[in-house]
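As you go down the protein sequences, you meet chains U and H in turn. Each position in the first sequence, counted from 1, maps to that position plus 741 in our numbering. Each position in the second sequence, counted from 1, maps to that position plus 2 in our numbering.
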Amino acid sequence: VSGLEEWTWEVDGWIVAIGALAGLACSIPGTWLVARREAMMADALSHAVLPGIAIAFLATGSRRCRCGFAPRDGSSVVLRSE
Amino acid sequence: MSEPESAWIGDPHALQVIATTALLGASAGAIGTMLTLRSRALVGDAAGHSTLPGLAGASLASIALGGTGRELWVLMPGAIAGACAGMASVAALQRALKMSADAAMAVTLGTLFGLGVALLSVVQRAPGGHQAGLDGLLVGRAATLVAADLVAAAVLAAMTLALFIALGRDLRALAFDEQFTRMVGRPAGLVSALVAAVIVCAIVAGTHAVGLVLVVALLVMPATAARMISDRYTTVVAAAACIGAIGAASGTAASAMLPGLATGPLIVIACAALLAAAVTLRGLRRAVGSAS
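Laid out in structure tokens, this is it:
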């Protein structure tokens, strides 16, 4: 388990910034979903992304357009496709 | 635990697995009507995902006490506690904080599943707890179903059948008009609690067959398909049980024949195909009905 002493702004700073931006980008349209009582729409749409990713990977053999970070310790459980 | 799916083609073990998933599908399909008819389909999703923190917490406790972290008698109470917590949380958020149903389900699902994934990574890093086979529960581990699982599925089916036989009229009243159930002096709260208990059992059992992420499909899809074919309550429940059993059995058989494809997703795809067939049947019937 790595502690704060391994923190490097060049790497971790960007990860935190991207996480914050993702939170911002999701929470603003999220108000629309909550107001319209369609919160579970987000769940349905985000799950529907998975077959799209799988088809795109099968078609191109490339994962380069993937957005998002796998944790550095490899603890990603759900979407481990390697 | 990581036995490949293809290892059981042509094995007599395959028949046992098919019987187990078929019983699970029948029970989940029948009790699922109580979710769809009351417009609470996604409560099953929230409860299914909520089993993960329970499973991971139980596994962690077992490892801390020197166990392997995968004893079923430790994991199952954990899963049941998680699913109950999920259902209670949805109800509490709606009642106490006046949240709308969708927000209450999304908040519950997100919080508890997030907690579960976080706990799971702790379990995986714990000494001796490498994997503990827990990630198999996310998408099911049907190939490793054993005789005890068949017994559990049979008990679940018997419980569901007993519930529908003993309280059929109350279930029907509850499904369509909860107020009416209370007005005629029936214990609506108790009946609701019994239904919730059977749903929790179906979810926990279904976790092994299709995985906790997809278990909602086993509850909701057969019931939705059955509702497409009939307007009569009894027929809908019976049809949902049949569709669930056929979907689960054919999905399991397909996964036995197609090596490398996981059973849980195939069961869900089979149920989706049956739903599509039911939709087509309804469309054809309507076309014939309006033509004559």
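Ideal Cβ placement from N, Cα and C applies to all residues, glycine included.
Can you confirm whether the segment 189-209 of chain H touches the segment 14-30 of chain H when touching is taken to mean that 3 or more C-beta pairs between the two stretches lie within less than 8 angstroms?
yes
List the residues of chain U whose Cβ lies closer than 9 angstroms to the Cβ of Ala274(H), in chain order.
Residues of chain U passing the Cβ test: none, with the nearest at roughly 12 angstroms.
When we look at the beta-carbon of Ala280(H) and count the other beta-carbons within 10 Å, is it buried (16 or more) or exposed?
Buried, since its Cβ has 16 or more Cβ neighbours within 10 Å.
Here's a check: name, in chain order, each residue in its chain whose Cβ is nearer than 7 angstroms to the Cβ of Val222(H), leaving out the five neighbours to either side.
Gly34, Leu37, Thr38, Ala43, Gly46
Residues of chain U with a CB under 9 angstroms from the CB of Met107(H): which are they?
Ala780, Met781, Asp784
Quick one: which unbroken alpha helix (DSSP H) runs of 4-plus residues sit fully inside the segment 191-273 of chain H? Chain order, please.
217-231, 235-259
What would DSSP say about Gly187(H), mapped onto helix, strand or coil?
coil
For chain H, find out if any of its Cβ atoms is closer than 8 angstroms to the Cβ of Val752(U); answer yes or no.
no
For Cys808(U) and Ile759(U), what's the separation of their Cα atoms in angstroms?
The pLDDT assigned to Cys808(U) is 48, lower than 50, so where the model puts this residue is not dependable; a value taken from the coordinates is nonetheless given after this. Rounded to the nearest angstrom, the two C-alpha atoms are 10 angstroms apart.
To the nearest angstrom, how far is it from the Cα of Ala87(H) to the Cα of Gly112(H)?
13 angstroms
When DSSP labels each residue in this structure, what does Met1(H) get in the three-state scheme?
As displayed, chain H neither begins before 3 nor continues past 294, which places residue 1(H) out of reach and without an answer.
My assumption, with CB atoms under 8 angstroms, is that Ile269(H) sits in contact with Gly249(H). Please give the rounded CB distance.
6 angstroms
Run through DSSP, which three-state label would Pro55(H) get?
If DSSP states are grouped into helix, strand and coil, Pro55(H) belongs with the helices.
Just to confirm my understanding: we take Ala177(H), look at its own chain, exclude 5 residues before and 5 after, and list those with CB closer than 8 angstroms. What are they?
Around Ala177(H), the same chain offers Thr35, Met36, Leu39, Arg40, Tyr235 as residues with beta carbons nearer than 8 angstroms, after the five sequence neighbours per side are excluded.
Does the pairing of the segment 14-25 of chain H with the segment 76-96 of chain H give three or more beta-carbon distances under 8 angstroms?
no
In the DSSP assignment, find the unbroken alpha helix (DSSP H) run with Thr749(U) in it and report its ends.
Looking at the DSSP string, Thr749(U) is not in any alpha helix (DSSP H), and its letter there is neither H nor E.
Can you tell me where the alpha helix (DSSP H) holding Arg174(H) begins and where it ends?
It spans 149-178 - the alpha helix (DSSP H) in which Arg174(H) sits, taken as one unbroken run.
If you reduce the DSSP assignment to three classes, tell me which class Gly802(U) lands in.
The answer is coil: DSSP assigns Gly802(U) none of H, G, I, E or B.
According to the neighbour-count rule (16 or more other Cβ atoms, all chains shown, within 10 Å of its Cβ), is Asp172(H) buried or exposed?
Residue environment: Asp172(H) is assigned as buried (16 or more neighbouring CB atoms within 10 Å of its CB, all protein chains considered).
Roughly how many whole angstroms lie between the Cα atoms of Asp179(H) and Met185(H)?
Asp179(H) and Met185(H): Cα-Cα distance of roughly 10 angstroms.
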